[in-house]
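Visitor: Structure provided below as structure tokens; questions to follow.
In structure tokens form, the structure reads like this:
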């Protein structure tokens with residue numbers, strides 16, 4: 001009997017795998033996870049342990065990463081190209097390691113004996129609503145996206161090859177000098193393709209900041225000019241100091257009409273003109 005993607009133990013394992021990946025932790029393998037589960041009367045442990053569920057969840061995660069990277073590349077996101085290069089360096093899923101151990105072919109486990117001590121009861125992981133409502137339904141919906149993703153990957157590969165042919169030998173030498181090992185052709189093509197987009201993104205950000213800095217400078221200049229004008233007429237420079245409070249806020253022409261300081265309302269007893 002084949003593996004069932006709707007099996008409750010596998011759905012719980014998929015939740016555990018996704019949560020561990022999101023938290024940056026190494027997930028348990030399928031067999032390690034089964035050791036934490038309470039099996040029911042209808043569960044065949046030998047059959048469950050024979051299922052290669054590690055490959056299922058790893059492939060599903062790889063498809064989600066590929067979909068996210070493809071969307072980012074089509075949107076022109078420079079970070080997506082770096083993620084694409086990192087994904088190329090990861091190698092095919094069959095050569096990756098899961099939970100710190102290589103993913104091995106499943107072995108047939110002996111059935112539990114009736115006299116074996118019962119495992120301690122642990123609360124099974126609860127499915128996260130919104131994470132995996134039904135993995136089988138999600139995989140079915142992803143089937144419709146596979147053809148689109150294949151076409152996108154083919155288009156991206158063509159763009160990468162074109163960029164690789166147009167890249168200068170100086171850029172290639174610099175990349176190889178920075179890398180402690182010889183880059184594979186696909187890795188080098190990905191980095192070369194990412195370079196012009198990264199430069200464009202930096203130039204755009206520099207231009208944006210220059211515009212913002214110029215606007216800030218203009219605003220500051222206007223504030224300084226406003227602060228130097230008389231608060232009464234808003235036309236002539238401030239050149240009268242009130243000795244009672246030492247505020248300089250009015251001009252010589254408006255000072256005779258001012259009985260109290262416009263700033264602090266202190267009665268004016270004596271005024272002096274200042275020269276700047």
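In full-length UniProt numbering, the protein residues as written are 1 to 276.
Don't be surprised by glycine CBs; every beta carbon is placed ideally from N, CA and C.
(1) Which residues bound the alpha helix (DSSP H) around residue 65?
(2) By the DSSP assignment, the beta strand (DSSP E) with residue 273 in it spans what residues?
(3) Does DSSP classify residue 260 as helix, strand or coil?
(4) Report yes if the CB atom of residue 160 is closer than 8 Å to the CB atom of residue 198, and no otherwise.
(5) Is residue 8 helix, strand or coil when you go by DSSP?
(6) Give the DSSP-derived three-state secondary structure of residue 196 in the structure shown.
(7) If you draw a straight line from the C-alpha of residue 244 to the C-alpha of residue 267, how long is it?
(8) Measure the alpha-carbon distance for residue 204 versus residue 67 and round it to whole angstroms.
(9) Which residues in the same chain have their Cβ closer than 7 Å to the Cβ of residue 48, if we skip the five residues on either side of it in sequence?
(10) Go ahead and pull the three-state DSSP assignment for residue 250.
(11) Which of the three DSSP states, helix, strand or coil, is assigned to residue 16?
(12) Exposed or buried, which one is residue 269 when buried takes at least 16 other CB atoms within 10 Å?
(13) Please state if the CB of residue 70 and the CB of residue 206 are separated by a distance shorter than 8 Å.
(14) Within this structure, are the beta carbons of residue 264 and residue 230 separated by less than 8 Å?
(15) Along the chain, where does the alpha helix (DSSP H) that runs through residue 48 open and close?
(16) Let me know if residue 17 comes out buried or exposed under the rule of 16 or more other beta-carbons within 10 Å of its beta-carbon.
(17) Report yes if the CB atom of residue 261 is closer than 8 Å to the CB atom of residue 275, and no otherwise.
(18) Taking all protein chains shown into account, do 16 or more other C-beta atoms lie within 10 angstroms of the C-beta of residue 254, making it buried, or fewer, making it exposed?
(19) Using the beta-carbon count (16 or more within 10 Å), is residue 58 buried or exposed?
(20) Does DSSP put residue 241 in a helix, a strand or coil?
(21) Could you tell me the boundaries of the alpha helix (DSSP H) in which residue 34 lies?
(22) Look at the alpha carbon of residue 219 and the alpha carbon of residue 191, and state the distance between them as a whole number of angstroms.
(23) Measuring CA to CA, which of 145, 257, 26 and 196 is closest to residue 54?
(24) When the distance is taken between beta carbons, is residue 249 closer than 8 Å to residue 236?
(25) Between residue 77 and the ligand ATP, is there a pair consisting of the residue's CB and a ligand heavy atom that are separated by less than 7 Å?
(26) Would residue 79 be called buried (16 or more neighbouring beta carbons within 10 Å of its own) or exposed?
(27) Can you tell which of 273, 210 and 147 has the C-alpha that lies nearest to the C-alpha of residue 246?
(28) Could you tell me which of 24, 60, 52 and 31 sits nearest to residue 141, measuring between CA atoms?
Guide: On the basis of the data shown:
(1) DSSP places residue 65 inside the alpha helix (DSSP H), whose first and last residues are 53-74.
(2) Where residue 273 is concerned, the enclosing beta strand (DSSP E) stretches over 271-273.
(3) Judged by DSSP in its simplified three-state form, residue 260 adopts strand.
(4) Contact flag unset, no.
(5) Helix at residue 8.
(6) Taken through DSSP and simplified to helix, strand or coil, residue 196 comes out as helix.
(7) For residue 244 and residue 267, the distance between alpha carbons rounds to 7 Å.
(8) Cα-Cα distance, rounded: 27 Å.
(9) Within the same chain, and ignoring the five residues on either side of residue 48 in sequence, the residues whose Cβ sits closer than 7 Å to its Cβ are 9 and 34.
(10) In the structure shown, residue 250 falls within a strand segment according to DSSP collapsed to helix, strand and coil.
(11) Residue 16: helix per DSSP, three-state reduction.
(12) Per the 10 Å Cβ criterion, exposed.
(13) The answer is no: Cβ separation not under 8 Å.
(14) Inclusion of residue 264 and residue 230 in the CB contact set at 8 Å is not warranted, their separation being larger than that value.
(15) Per DSSP, residue 48 belongs to the alpha helix (DSSP H) from 45-50.
(16) Counting the other CB atoms within 10 Å of its CB gives residue 17 a total of 16 or more, which places it among the buried residues.
(17) Not in contact: residue 261 and residue 275 (Cβ atoms no closer than 8 Å).
(18) It is buried - the Cβ of residue 254 has at least 16 other Cβ atoms within 10 Å.
(19) Flag for residue 58 reads buried.
(20) Here residue 241 sits in strand by DSSP.
(21) Element bounds for residue 34: 30-34.
(22) Spanning the two alpha carbons is a distance of roughly 42 Å.
(23) Ranking 145, 257, 26 and 196 by Cα distance to residue 54 puts 26 first.
(24) In this structure, residue 236 keeps its C-beta atom at 8 Å or more from the C-beta atom of residue 249.
(25) The model depicted lacks the ligand ATP and carries no ligand whatsoever.
(26) Answer is exposed; the Cβ neighbour count stays below 16.
(27) It is 273.
(28) Nearest C-alpha to residue 141: 60.
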